[in-house]
Structure formats: structure tokens, C-alpha cells
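If you're matching them up, the sequences are chains A and B in order.
One rule links them: number in my numbering = place in the first sequence (from 1) + 13.
One rule links them: number in my numbering = place in the second sequence (from 1) + 13.
There are 2 protein chains.
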Amino acid sequence: MASWARGVRAVLLDVSGVLYDSGGPEGGAAIPGSVEAVNRIRQSGLKLRFCTNESQATRSQFVHKLQRFDFSISEEEVTAPGPAAKKMMQERGLRPHLLVHDDLLPEFDSIDKSEPNCVVIGDAAENFSYQNVNKAFNVLIGLEKPVLISLGKGRYYKETDGLKIDVGAYMKALEYACDITAEVVGKPSQNFFMSAVNEMGVKPDEAVMIGDDVVNDIGGAQRCGIRAVLVRTGKYRPSDENHPQVKADGYVDNLAQAVDILLASGVAGH
Amino acid sequence: MASWARGVRAVLLDVSGVLYDSGGPEGGAAIPGSVEAVNRIRQSGLKLRFCTNESQATRSQFVHKLQRFDFSISEEEVTAPGPAAKKMMQERGLRPHLLVHDDLLPEFDSIDKSEPNCVVIGDAAENFSYQNVNKAFNVLIGLEKPVLISLGKGRYYKETDGLKIDVGAYMKALEYACDITAEVVGKPSQNFFMSAVNEMGVKPDEAVMIGDDVVNDIGGAQRCGIRAVLVRTGKYRPSDENHPQVKADGYVDNLAQAVDILLASGVAGH
């Protein structure tokens, strides 16, 4: 029995690269065995939450897409950076200039965007045109105290047709151009993981994070005292198992195998 | 008399922001007094070289543009990153994937670009689409030893219609996405300044660099033992005079004033 599974009461699941690979005309494809794996977690009595840096859609659209792939998932089970950023802006009186995917825009419908005093970037994909990046740069450099909020800081992710450069790269571009440091909402920020764990009503050391991003999923969770297991799906590369800074608590071929191990260890929450 | 002018035998001039501001339908506008200032340097007997990170055009096109603004300048007087990168690729057997401005492409006509084993980025401006940046990322991440060559690493520059984010930001984006460090050809690299000084046949401490970029022009030149003077034109901002790392040897309102000071100090090379 793998020691990472001992005493686990709650499971945090990354979505892209663990449940499905995004991209393509169908909007992606479920990773074999993952639909059943989610169902088996539910049946086991383990607490479950989805912890994603997805910022190409509202949480509602995102959940509907996963439901079309037959995943058992509901909106209130998802911790996502869009809603977290919205909350932060409301608390701090921030009015964003948005450089995000068109499909994420409705998440911020109710937020005042006049005379922006911050820039929010998400995984804008095709919206990362030179013109749009330059516009965001000019908003920032024109502020007395530039505030850049980044929805995650991933380096890249995998779509069905290949690897895609992620929001973290554009965050670094704007940080450098403006000589500032962004505030990250989403993994690997500690607040983000802790809000997901708190939602489940467990302690960090009772939860395990399962993800395909060695730095943001594994390293991020571990810094909160959450165990973390790397799947060999999604953007996984063999060199991730020799990462100079991060060592996962376990390595599995895919989510299905992680659930096999969890259930074999008799960790069911009942 | 300003001490920075003492014993100067050679002048290195940055171009964009010192001679002219680029941009707009006319391709930019000369900065008042700069055409005459260049002529006065020539008449003084001081050695002169143009040291630019311009990478939106071939050296030849760039020089023709400046000549249309009445600047006295010839191709062989210009140290530019395109030709320097070409030389480096020839010496090291590098075959580039190019993410550069369309107008720079002819500079690399004679270079083998099949099966790329490196990526070269310049100030690609509108060519910095998400698709093109993602393509460059995929070339790099697919290489066993990714080599990224950046034509300069400027944060931003000023065009006639405002500030523009520069190649350095995209260099940082690709560095982060691929977890690599780029090789910079152009200012502030030491090789680049030294080749310009050597072309003039003077020692570093006999030359003065005049530029509008506190890090790349001023800091870069000073690290080679070249004096450096910041102009208050181009992308200059008052905060540049309180830069935490870099203190220029002198500050002038524009190139014309720098030349006034140089000539008043009787430094003429004859």
C-alpha cells in the first residue's frame, strides 16, 4: 500500500490533464477511466472537490462542458480562479482591465470596470494578441501603483492537438515590462488551496491533491501541508519525476490508478 | 564642464528615442536638434558609431529610413542585433525558427532554417500573435537542449503614438514557459558593446554611450567600462534618474545638449 493514501479523507482533483484534455472541435476528450474514477470516489464516501486553474470559461460553462463528457460534477464543488478574483476585487475596490478569454467575461459582469486600477489576466489564448497585451501593458504602466492579478501562473498545458503556452508566460511578460510582481489567484497560491480544503471541512493533512502540474499542483499543495500525487497524463513529462525542487508524495499512471490505490488502502470516509 | 565629457574620443549613439521616435504612418519623427547634433559630432572629429537594438527591419532598410529623416548615417556605421545574430548562428551551426518582424526576415535569407535547433525572437510587434508565440514555444519545448536567442531584451520603447511592449517581455514569457535562459544578442550584452567600440578603434574608457534606456544603454555600457549619458527623450521617465541599480555618468535634455557639452569640453579628436 502506498503511504500517500494513508488516512486520506478528502480528494482534491485538478481537472485539465487529470479528468480530460481540452482542445479541438469537441472541446476536448475525457481521459480513459476518469469518469468512472470520479464516480468511485463519490461511492467511497471520500470528500471531493475540484481545484482548477481553468480560466477559459465561467465556472458554470466549465461544469456544463464536463457534464457533457459524463463527469459527475456540480458548480458548487469547483474552486476556480475567476470567482476567487471577483471576490478579491469586490473586497479591495479594484476595477479591472480584463485580458481574459471571451468566455470568461460573464464572470465579471457585475464588476465595475470604469477607470481601471488593476489588470486581470487569465488564459486568454487567441486574445493574447500583440495589441491586447500592449493595451494591458499601457494600463499598468500608467498606474501609480500597478496591480496585476493573474488567474494562475501555469507555464503550459496540453490540449488534444498539442502543448499550449499558458497565462503564466504572459504574467511574466507583463511583470518584466512593468517591473512589478503579479498577485496570483489560483494554484499554487496558498489561499486558493486552503479555501478548497476548508470547503470540505477537513484538515490539510487529511487531503490529497491529484494533478498533472508538478509545480502548481504538487508543490503548491505540499506547501499547504496537503499530500500531492502526480498523474502521468495531461502535460506530464518524465522529467517531472526528477524535478529539482518538487518531489510528489506519489506517482500514478492516471486518475484511475490513483483511485485504485486509495480504495485498496481502505481509506473510505465511512 | 561635465566630467563625463573629459577625454572622450568616440561617441556611441542609441537610435530610437535619441535620434528619432519610431511609429506612425511616416515611420516616426526626428527628435528636434538631433539631425544637426549628428552632423556636429562628425565635424568635431570625434569617432561615431550607432549602437541600436532595432530589430523591426534589416540594417539596410533601417539606415535608409534614417537617411529619409536627413540623418547622416551609413550601413557600416551601425551595430545592430540582426547581423550579430546571423554571425553567431553561422559560427555555431544554429538553424533558427524565427519569431521576428516581417521586415527583418531578409537579414536571415542565407541561413538554413530547416529542422530548427534554436528560436530567434526580435521585436516582432504584430507578429507576436498567440499562434506565433505558441509555435515558438513548441519548437523550444521540443528541443533536447532549447536555445533561445533574443535580439535585445528591452522592456518597452516609445513610438509616436505611445509606449510599446518590447521583445524582452516575450523573451521572459518563453524563458518561463520552457524553464530556460535566453542568450541576448544586442544591448546590454558585453560582446555587443565591445564590438562597437572595437570597430571605432578606441578603448572603452575613451567612449561615451548616449541612450534613453537606463538599463540596456546606460547600465550595459558602464559594465564594459564605457561612460554613459541618459537623454530625457524617447522612453525616458523621471524615475529613471533614481534607478535602484544604475546611475548614469550624466543626464541631458536631449542629444543636442549632450553634443553642446561634448564640444564645449574641447574633446574633438583632432
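Even for Gly, the Cβ is constructed at its ideal location relative to N, Cα and C.
Bear in mind that the values here come from a model prediction, so they are computed numbers and not experimental data.
Which of helix, strand or coil DSSP assigns to residue i
i: LEU61 (chain A); result: strand
i: ALA15 (chain B); result: coil
i: HIS283 (chain A); result: Legend: pLDDT at HIS283 (chain A) = 45, less than 50; position of this residue unreliable, value from coordinates given subsequently. Coil.
i: PRO129 (chain B); result: coil
i: ILE162 (chain B); result: strand
i: GLU157 (chain B); result: coil
i: ILE134 (chain A); result: strand
i: ILE124 (chain A); result: coil
i: SER252 (chain A); result: helix
i: SER29 (chain A); result: strand
i: SER35 (chain B); result: strand
i: VAL259 (chain B); result: coil
CB-CB length for residue i against residue j, believed under 8 Å
i: GLY36 (chain B); j: ASP174 (chain B); result: 6 Å
i: GLY261 (chain A); j: ALA277 (chain A); result: Residue 261 (chain A) is actually Ala in this sequence, not Gly. 19 Å between Cβ atoms; not a contact.
i: VAL146 (chain B); j: ILE178 (chain A); result: 6 Å
i: ALA190 (chain A); j: TYR169 (chain B); result: 6 Å
i: VAL210 (chain A); j: HIS256 (chain A); result: Actually they are not in contact, since the Cβ atoms of VAL210 (chain A) and HIS256 (chain A) sit about 23 Å apart, beyond 8 Å.
i: ILE54 (chain B); j: VAL76 (chain B); result: That pair is no contact at about 17 Å.
Own chain residues within Cβ distance below 6 Å of residue i, not counting five before or after
i: ALA284 (chain A); result: Look at the range of chain A in this structure, 14 to 283, and you will see that residue 284 (chain A) is not part of it.
i: GLY282 (chain A); result: No answer about GLY282 (chain A) holds up, because its pLDDT of 48 lies below 50 and its placement is not dependable.
i: ALA271 (chain B); result: ILE223, VAL242, VAL265
i: PHE205 (chain A); result: GLY199
i: LYS166 (chain B); result: GLY181, MET184, VAL197
i: GLY263 (chain A); result: ALA15, TRP17, VAL242
i: LEU156 (chain A); result: none
C-beta atoms of residue i and residue j nearer than 8 Å
i: LEU244 (chain B); j: ASP273 (chain B); result: Position check: residue 244 (chain B) holds Val in this sequence, whereas Leu was assumed. Result no, Cβ atoms of VAL244 (chain B) and ASP273 (chain B) do not sit closer than 8 Å.
i: LEU59 (chain A); j: VAL21 (chain A); result: yes
i: SER303 (chain A); j: THR65 (chain A); result: This structure gives no information on residue 303 (chain A), because the portion of chain A shown stretches from 14 to 283.
i: PRO217 (chain A); j: GLY247 (chain A); result: no
i: ILE193 (chain B); j: LEU164 (chain B); result: no
i: ILE134 (chain B); j: MET184 (chain B); result: yes
i: ALA269 (chain A); j: SER47 (chain A); result: yes
i: ALA138 (chain A); j: HIS114 (chain A); result: yes
i: GLY233 (chain A); j: GLN258 (chain A); result: no
i: ALA43 (chain A); j: ALA186 (chain B); result: no
i: GLU172 (chain B); j: ASP83 (chain B); result: no
i: GLU90 (chain A); j: PHE63 (chain A); result: yes
i: ARG250 (chain B); j: GLN203 (chain B); result: no
Limits of the beta strand (DSSP E) - the one that residue i falls within
i: GLY4 (chain A); result: Lying outside 14 to 283, the shown extent of chain A, residue 4 (chain A) is not represented and no answer is given.
i: GLU196 (chain B); result: 196-198
i: LEU26 (chain B); result: 23-26
i: VAL244 (chain A); result: 240-244
i: GLU172 (chain A); result: 169-172
i: VAL265 (chain A); result: 263-265
i: VAL221 (chain B); result: 220-224
Limits of the alpha helix (DSSP H) - the one that residue i falls within
i: VAL272 (chain B); result: 268-277
i: PRO109 (chain B); result: That residue, PRO109 (chain B), is in no alpha helix (DSSP H); its beta strand (DSSP E) goes 109-112.
i: LYS100 (chain B); result: 94-105
i: LEU79 (chain A); result: 72-81
i: GLY233 (chain A); result: 233-236
i: ALA209 (chain B); result: 203-213
Contacts around residue i, its chain only, beta-carbon distance under 7 Å, and the 5 residues preceding and following it disregarded
i: ASN230 (chain A); result: Here residue 230 (chain A) is Asp; the residue named in the question, Asn, does not match the sequence. Excluding sequence neighbours, ASP230 (chain A) sits near ASP27, LYS200, MET222, GLY224, ALA241.
i: ALA18 (chain B); result: ILE274, LEU275, SER278, VAL280
i: PRO129 (chain B); result: ARG108, PRO109, HIS110, VAL152
i: SER127 (chain B); result: ARG108
Beta-carbon contacts of residue i that lie in its chain and below 8 Å, excluding the five residues immediately before and after
i: ASP116 (chain B); result: GLN69, ALA70, THR71, GLN74
i: GLU120 (chain B); result: THR71, ARG72, GLY95, PRO96, LYS99
i: ILE124 (chain B); result: LYS99, MET102, GLN103, ARG108, PRO109
i: LYS78 (chain B); result: GLY40, GLY41, ALA70
i: ASN140 (chain A); result: LEU112, VAL113, HIS114, ASP115
i: SER208 (chain B); result: THR92, ALA97
i: VAL215 (chain B); result: ARG22, ALA23, LYS60
i: GLN80 (chain B); result: ILE86
Check: residue i C-beta below 7 Å from any heavy atom of the ligand FAD
i: ALA98 (chain B); result: As far as ligands go, the structure on display features none, and thus does not contain the ligand FAD.
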